[in-house]
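The structure under discussion appears below in the form of structure tokens.
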Amino acid sequence: MIPRLAALALALTLAARPAAACPDAGGGLLFHSCWGEARAELVLLPEDLPLPVPPAEGLRLVVTGAYTGTDLRGEGLPKPVGLFLRRGAVVNRNLGRMDGVLLVDPEGGRPAFQHREAVRLDGRDYDLRDLDQRAGFIRAAAEQGLSVMQSHLLIDRGELDVRPQDGAPVYVRRFLFADAHGFGVWQTQGAMTLHDAAMAVAEALAPQMVMNLDMGSYDYCRRAEGGIESGCGGLASEGVGKLSNLLVLTVR
């Protein structure tokens, strides 16, 4: 077994390695924005259901985004864990323990990966741990109609941000990432620890940023090409009622 420090050094090397070209589908890569004209959208459930039918051309990937909590929001609806805005509407203003913050602008549909200690918006860095700065960020994000969610960062600016742990659980993992060519979604081809999965995506894609997506019993994934949709997750379509949010990625 590789010692922990050696494994960390290996992961840092892999994550910092420049990607050679726009990667092809396969090997766990479910979506990449470099395949065409791409957009990302964060949707709230159940308010944004039903989703539109898949486009007749191109690719659409719909996956679970932020974690869903055990507590509920108004009218008994499922609640995203951590800070969550949907097109400027504040759904949850409470900051979660996760260090990753995803911003999606309503016009360009391009995701921006941030660290909760320094979320850049309009030339200013907000430390969301500070109540006043968080309130200021929420106001600015709401005014611009941004969508915002929190999750765990696994690779942050090319550096591994997760440590190996003894007895860590193994599951199939799905990640949202940004690399030299844009953004995408990658999934392990078998059950892995979070650390080993982060190592694997670093080796496969050399991403600069990697954010964990909710899985387990919340593993929803539907992939449509040319209007033909198929499942790529463990949760059936009728199980979507337990989810609080979805991430919709399209490329044409």
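Just add 2 to the spot in the sequence shown (first one is 1) and you have the numbering used here.
Virtual Cβ for every residue (Gly too), placed ideally from N, Cα, C.
Treat the numbers as computed from the prediction; the structure is a model and nothing was measured.
Query	Result
I'd like to know if the segment 172–184 and the segment 35–49 are in contact, where contact means that at least 3 CB-CB pairs between them fall below 8 angstroms.	yes
Rounded C-beta distance between N247 and L74? I'm assuming under 8 angstroms.	Contact flag wrong, Cβ pair sits at about 14 angstroms.
Can you tell me which of the three DSSP states L187 falls into?	A small correction: the amino acid at residue 187 is Val; Leu does not occupy that position in the sequence shown. V187: strand per DSSP, three-state reduction.
Quick check on Q210: buried or exposed, where buried means 16 or more other Cβ atoms within 10 Å of its Cβ?	buried
Looking only at C-alpha atoms, which of R165, A199, L87 sits nearest to Q146?	L87
In the DSSP assignment, the alpha helix (DSSP H) including Q198 goes from what residue to what residue?	This sequence places Asp at residue 198; Gln is not what is there. It spans 196–207 - the alpha helix (DSSP H) in which D198 sits, taken as one unbroken run.
Could you check the C-alpha separation between V93 and G169 for me, to the nearest Å?	35 angstroms
What residue range is occupied by the uninterrupted alpha helix (DSSP H) comprising G192?	Per DSSP, G192 belongs to no alpha helix (DSSP H) and is neither H nor E.
Name the residue from P113, R165, G228 whose alpha carbon lies nearest to the alpha carbon of G67.	P113
Looking at the secondary structure, which residues open and close the beta strand (DSSP E) in which D134 lies?	Not the beta strand (DSSP E): D134 falls in the alpha helix (DSSP H), residues 133–145.
Give a yes or no on contact between the segment 59–66 and the segment 214–229, applying the rule of three or more CB pairs nearer than 8 angstroms.	yes
From this set, G160, D198, T195, which residue's C-alpha is nearest A180's C-alpha?	G160
So, with DSSP's three-state summary, where would you put S232?	strand
Look up E256 in the DSSP assignment and give the residues it is bridged to.	Since the first and last residues shown for the chain are 3 and 254, residue 256 lies out of range.
Identify, in the order they occur along the chain, each residue of the same chain with its Cβ nearer than 8 angstroms to the Cβ of P171, setting aside the five sequence neighbours on each side.	T195
Which runs of the beta strand (DSSP E) fall wholly inside the segment 65–132 and span at least 3 residues, in chain order?	70–75, 79–82, 86–88, 91–94, 102–106, 113–117, 121–123, 126–128
In terms of alpha-carbon separation, which member of L207, A208, R175, V203 lies closest to G192?	R175
What are the start and end residues of the beta strand (DSSP E) that includes S219?	Run containing S219: none; DSSP gives neither H nor E here.
Using only the alpha-carbon positions, how far apart do R89 and P166 sit?	36 angstroms
On the DSSP bridge list, what partners appear for G28?	L31
Can you have a look at A91 and say buried or exposed, based on whether 16 or more other CB atoms are within 10 angstroms of its CB?	exposed
For the candidate residues Q116, A120, L130, whose alpha-carbon lies nearest to that of L97?	L130
Of all the options P56, G125, A120, which has the alpha carbon lying nearest to the alpha carbon of G229?	P56
If we ignore side chains and look at the alpha-carbon of each, how far apart do G236 and V242 end up?	11 angstroms
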